[in-house]
Each structure stands twice: as structure tokens, then as C-alpha cells.
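*Asks:*
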Amino acid sequence: MRVLLVGAGGVGGAITRIAARRPFFEAMVVADYDPARAEAAVAALEGDPRFTAEQVDAGDEAAVTRLLAGHRCDVLLNATDPRFVMPLFRAARAAGATYLDMAMSLSRPHAERPYEECGVKLGDEQFAQAADWEKEGLLALVGMGVEPGLSDVFARHAADELFDEIEEIGIRDGANLTVDGYDFAPSFSIWTTIEECLNPPVVYETGTGWFTTEPFSEPEVFDFPEGIGPVECVNVEHEEVLLVPRWVDARRVTFKYGLGREFVETLKTLHLLGLDRTDPVTVPGPDGPVAVSPRDVVAACLPDPATLGERMHGKTCAGTWVKGVKDGEPREVYLYHVVDNQWSMTEYGSQAVVWQTAVNPVVALELLATGAWSGAGVLGPEAFPARPFLDLLTDYGSPWGMREQ
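Below, the structure is given as C-alpha cells:
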């Protein structure tokens, strides 16, 4: 297997450190718009000859296709933000390569009823091309991070081994992470966080299908394991709600994020001021007017999440709560994966949230390389058997857990 990794930021850098410990691939080309970032990621691997650095604009499909061909890469792993999903997705298909991402093509709210009906849903642009990928015998494995990704694997595992009937699948994400020296320092990309949290959340129900609600709706307190404790969670737009119902039979699917009250109020303020917008606004500059995206300005004013590991304390938890029936009796379980920041920093030099995101596509790559996972078309993690993934994740030194509710 020869892999082109596009994006050498926090998650991309963690991917290289995790992959460097595994023998399943022949080469990994680390490409970024900023060549210094790609070179730094490769340099950190202490001379592993399988890794090389390249410069590429993720939005330039032709350049990415040439890079895939030039290095004879048969897999493209997308570690950029969701704006670049579609050009990278198309470039992989043009090159005849397998494609993996951790976030799917962007949504657009319904023009008249944004908090009741879906407009363009997450992943719609990718699924619209599913028949072409399948016809050409190519695989696009979409949403293969932690959430979406591992959370979807948990849903598949619950359906296959833990339940006879499933009433509800609810992804529940929470943490008790703190960052020294900052009053507000998101542990993940603020660009992506704004996109997820301020778009209308999507809920799935049998008979109704997919529909939307107001941002931060249906608050609940969820008790997270391994000392994290109770965290208030709210509905957020996320890929699992669009993926799980395609392959898993459940009457209701939700995603709730443990943001905390202060984080929610900050996001509401950004929205109130228009600072969540991506369309450029014109501002004065030293050499004349300059067009800038307000959301990009917010991101530039905040610390890079990848650099916060040494100041960060606590744990992050990603998991899937499932309610249903087994052997005629009601059952509820929470399948989860917890990463302690102290462990991930000591073991890999990566902060907990980016490491937890990064480990899952590497596990998926290894399953594809060995043939334990295979397929054609545009497929989510739920389309594959869960047990090989969960066993290999444990083999990577990061076991998952299950709690009866």
C-alpha cells in the first residue's frame, strides 16, 4: 500500500506518528499547502524512509491527481478540513485510488425551513457519485475518523452482537480537558467546530427520515466514564446521523456534543456578530482593501489545537449509546473510547483529541491493506464488520470499553 496523506496539521502529524509504528504500508507521502509543515511531520519520524514530504494545494484537483500518479499511490487519505473534501474525493477517483476521509462534504441549510427540513445534507455530494465509484470498482471510505468513524463502528458492533432490536443510537461525546493559560482554547479545529455546532442539527427517525432542529437543542446531562463525569450535551450536526441509518436498523439516531455552557455561549456570540461566516468581507489593509473570511480570522486569533498538548490536562471520550432489546429484555449500553492527554503526549507527542481522531483512519488503512475490509462504492464504516476493527484498535494499545447503562 502506498498512501498520499493530504494535510500535515495536528491530525495529519498524529497519523504519521501512529503509522510509523506499523509495517502494513510501503510508502506514505505527506503533502500540505505549507511545505514546511509537511517537512516537519516527516522529520519528526527520525529518518523512516517510507515517508516523504511534498507541497500541494488540496483544492487543485489536477495537482493532487498528478501527485498520486507520480508517487504511484493507491490510497488518498484526506486530513484537511471539510472545504477540501470534494476536490480530493474527485482527484482520488480520477487517479483510480482508494479514498478515505474523516469528515464528509459540507451541508447547506434548507432555504425556507432550516430548522425543520434538511437542505443539502452532509455527504450528499459524495453519495451522489456512489454508483460511479462502484461501477469503477473503487472504494471511498467516508467518515473514518473518531466521530464519525469509531462511533459508527460501535453502532455496527451493537447491531451485530449486542442487540436484536435497536430503538435508538445516540453518539455522545464529552471531555474534561482544560488548557493552562487560556480562557478559551478549543481542542479541535475551530473552523470545523463552528461548522458543526451552528448548522441546524440533523435527527433521524423511522417513518420521518432526516429532519433538523434548532442549534443546541434537546440538552441533556450525560455521565461519561473513567472519571470525566456528567457533561451537558446538545444536538449538533454530525455525519453519524447521516451514515448510521444507511446500514444499521435503528428507529432513532442522534448526535449530542458535550460542549459546556461557556463554549455554547461563545459560539452563539460569534454567530450573533457574524464571525461564523465564511463569505469574505472587505476590511482596510496597509496596501488597500483586503477580502477576508470572518471565520478564518477567528481561527487565526486562536491557538493551533495541535500545539496545546503540553498545556492540556484531562481526558476525552467518544462513544455510542444504544438502547434496544436483547433476548426479549430491554438493554442499554454505552460503547466508548477514552484517551488521556498525558498518555497521548507521553507516548506519541500528540494531544488527546487529535490523536484519538488520527488513530482510526490508520487502523482502517491496515484493515484495507490486509484485506480484512474491502468493498466498492461510497461506504461508511458501518458497511464493514466491526470486530476486526475493534480488535486491531486494541492491538494499537488503545482499548475500547462498554458500560451497561
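In this note's numbering, the protein residues as written are -17 to 387.
The C-beta atom is built at its ideal place from N, Cα and C for all residues, glycine as well.
No experiment lies behind these values; they were computed from the predicted model shown.
1) Work out the CA separation of residue 344 and residue 401 for me, nearest whole Å.
2) What whole-angstrom Cβ distance do residue 195 and residue 181 have, given they're in contact under 8 Å?
3) Grab me the residues of residue 56's own chain with a C-beta within less than 7 Å of its C-beta, minus the 5 sequence neighbours each way, in chain order.
4) Within this structure, are the beta carbons of residue -12 and residue 70 separated by less than 8 Å?
5) Which class does residue 54 belong to by DSSP, given the choice of helix, strand or coil?
6) Since residue 233 and residue 150 are thought to touch, with beta carbons under 8 Å apart, how far apart are those beta carbons, to the nearest angstrom?
7) Between which residues of its own chain and residue 187 is the CB-CB distance below 6 Å, once the five residues before and five after are set aside?
8) With distances taken Cα to Cα, identify the nearest neighbour of residue 100 among 176, 378 and 191.
9) Between the C-alpha atoms of residue 156 and residue 230, what's the straight-line distance to the nearest angstrom?
10) Less than 8 Å between the beta carbons of residue 221 and residue 130, yes or no?
11) With a cut-off of 8 Å on the beta carbons, I'd call residue 103 and residue 225 a contact; round off their distance for me.
12) Quick one: residues in its chain with C-beta nearer than 7 Å to the C-beta of residue 119, no 5 flanking neighbours on either side, listed in chain order?
13) First and last residue of the beta strand (DSSP E) that includes residue 204?
14) Of all the options 138, 260 and -9, which has the alpha carbon lying nearest to the alpha carbon of residue 170?
15) How should residue -6 be labelled, buried or exposed, when 16 other C-beta atoms within 10 angstroms of its C-beta is the threshold for buried?
16) Consult DSSP for residue 103 and reduce its assignment to one of helix, strand or coil.
17) Looking at residue 69 and the ligand PLP, is the gap between the Cβ and the nearest heavy atom below 7 Å?
18) Which one of 141, 238 and 85 has the shortest CA to CA distance from residue 307?
19) Quick one: is residue 247 buried, meaning 16 or more other Cβ sit within 10 Å of its Cβ, or exposed?
*Replies:* Concretely, from the data shown:
1) With the chain covering -17 to 387 only, the question about residue 401 has no answer from this structure.
2) Start at 1 with the first residue of the sequence shown, and residue 195 comes out as number 213. Start at 1 with the first residue of the sequence shown, and residue 181 comes out as number 199. Between residue 195 and residue 181 the beta-carbon gap is near 11 Å, outside 8 Å, which marks them as no contact.
3) Position 74 of the sequence shown holds residue 56. Once the five neighbours on either side are set aside, the close Cβ partners of residue 56 are -17, -16, 79 and 80.
4) Residue mapping note: residue -12 aligns to position 6 of the sequence shown, counting from 1. Residue mapping note: residue 70 aligns to position 88 of the sequence shown, counting from 1. Closer than 8 Å, so yes.
5) Walking along the sequence shown from the start, residue 54 turns up at place 72. Of the three classes helix, strand and coil, the one that applies to residue 54 here is coil, per DSSP.
6) In the sequence shown, counting from the first residue as 1, residue 233 sits at position 251. In the sequence shown, counting from the first residue as 1, residue 150 sits at position 168. About 7 Å separates the two Cβ atoms, so the contact holds.
7) Counting from one through the sequence shown, the residue named residue 187 turns up at place 205. These residues qualify, in order along the chain: 234.
8) Within the sequence shown, residue 100 is the residue found at index 118, counting from 1. Nearest to residue 100 by alpha-carbon distance, out of 176, 378 and 191, is 191.
9) Along the sequence shown, read from residue 1 onward, the residue named residue 156 stands at position 174. Along the sequence shown, read from residue 1 onward, the residue named residue 230 stands at position 248. Distance between the alpha carbons of residue 156 and residue 230 is about 24 Å.
10) In the sequence shown, residue 221 corresponds to position 239, counting from 1. In the sequence shown, residue 130 corresponds to position 148, counting from 1. If you check the CB distance, residue 221 and residue 130 come in under 8 Å.
11) Position 121 of the sequence shown, counting from 1, holds the residue named residue 103. Position 243 of the sequence shown, counting from 1, holds the residue named residue 225. Residue 103 to residue 225, Cβ: 11 Å. No contact.
12) Translated into positions along the sequence shown, residue 119 becomes position 137. Closer than 7 Å at the Cβ level, and outside the excluded window around residue 119, lie 358.
13) By 1-based counting over the sequence shown, the position of residue 204 is 222. Per DSSP, residue 204 belongs to the beta strand (DSSP E) from 202 to 206.
14) As a working mapping, residue 170 is identified with position 188 in the sequence shown. When each option's Cα is compared against that of residue 170, the closest is -9.
15) Here residue -6 refers to the residue found at position 12 of the sequence shown. Burial call: buried.
16) Residue numbering aside, residue 103 sits at position 121 when the sequence shown is read from its first letter. Coil.
17) The ligand PLP is absent from the structure shown, which contains no ligands of any kind.
18) Here residue 307 corresponds to residue number 325 of the sequence shown, with the count starting at 1. Answer by Cα proximity: 141.
19) Here residue 247 refers to the residue found at position 265 when the sequence shown is read from its first residue. It is exposed - the Cβ of residue 247 has fewer than 16 other Cβ atoms within 10 Å.
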